[in-house]
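**Q**
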Amino acid sequence: MLFACICLFYGCGGEKKTDATIAPRKAMEEALNAFYSNDFSSYVNMVDYGTELDSAERDVVLNIMSQYHERQSAKKGGVSRYEILSVDMPSDSLATVYYDLFFGNDSVEMCSEKMILRNGQWKIRVRGID
């Protein structure tokens, strides 16, 4: 009985949504919303590439994202929705967000993204985490 009361009060199982995990979760939601609504420019701003991209590099990245999105839409019917499952935080400035992508052809892809806190903003980390 005591265990049941503790579980009701504190929550049992699954991810514990602490203040620390809310920020990277929200940042990932914003990034996924930008990417899957074809707002690749905003998405690029939410990614940490390790160095600042110059305009030529940025154009290349935008083109690659657009092509990937088109192929994914043609192959799987596009993303119909996503669901963030959990956030793992090994430190105050590093996180891994686990999520599922649901496609128009009824397939589901399990995904994860590493994130890093840079200058007060959570960003998707595309290179090795330092």
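Each residue of the sequence shown is one higher than the one before, starting from 88 at the first, in our numbering.
Ideal Cβ placement from N, Cα and C applies to all residues, glycine included.
1. Where does Tyr185 fall in DSSP's three states?
2. What residue does the beta strand (DSSP E) around Val173 start on, and which one ends it?
3. So Ile211 and Met133 are supposed to be a Cβ contact under 8 Å. How far apart are they, rounded?
4. Which partner residues of Glu144 appear in the DSSP bridge assignment?
5. With DSSP collapsed to three states, give me the class of Met133.
6. Does DSSP put Glu116 in a helix, in a strand, or in coil?
7. Does the segment 168 to 177 come close enough to the segment 134 to 151 to have 3 or more Cβ pairs within less than 8 Å?
8. Say whether the segment 158 to 173 touches the segment 186 to 196, bearing in mind that this needs 3 or more beta-carbon pairs closer than 8 Å, one atom from each stretch.
9. Nearest-angstrom Cα distance between Ser173 and Glu117?
10. Take the Cβ of Asp146 as the centre, count every other Cβ of all protein chains shown within 10 Å, and call the residue buried at 16 or more, exposed below.
11. Assuming Thr220 and Lys163 form a contact by the criterion Cβ under 8 Å, report the distance between their Cβ atoms to the nearest whole angstrom.
12. Using the rule of at least 16 other Cβ atoms within 10 Å of the residue's Cβ for burial, across every protein chain shown, is Arg286 buried or exposed?
**A** Taking the geometry as given:
1. Looking up residue 185 in the sequence shown gives position 98. Strand at Tyr185.
2. Counted from its first residue, the sequence shown places residue 173 at position 86. Just to set this straight, residue 173 is Ser in the shown sequence, not Val. It spans 166 to 178 - the beta strand (DSSP E) in which Ser173 sits, taken as one unbroken run.
3. On the sequence shown, position 124 is the one that residue 211 refers to. On the sequence shown, position 46 is the one that residue 133 refers to. Right, their Cβ atoms sit about 6 Å apart.
4. Counted from its first residue, the sequence shown places residue 144 at position 57. Glu144 pairs with nothing; no bridge assigned.
5. The count along the sequence shown starts at 1 and reaches residue 133 at position 46. Residue state, collapsed to three classes: coil.
6. Start at 1 with the first residue of the sequence shown, and residue 116 comes out as number 29. Correct three-state label for Glu116: helix.
7. no
8. yes
9. As a first step, residue 173 must be located in the sequence shown, where it is residue number 86. As a first step, residue 117 must be located in the sequence shown, where it is residue number 30. Taking the straight line from one Cα to the other gives about 16 Å.
10. Taking the first residue of the sequence shown as 1, we reach residue 146 at position 59. Exposed.
11. Nothing in the structure corresponds to residue 220, since the chain is present only between 88 and 217.
12. Residue coverage of the chain in this structure runs from 88 to 217, which leaves residue 286 outside it and unanswerable.
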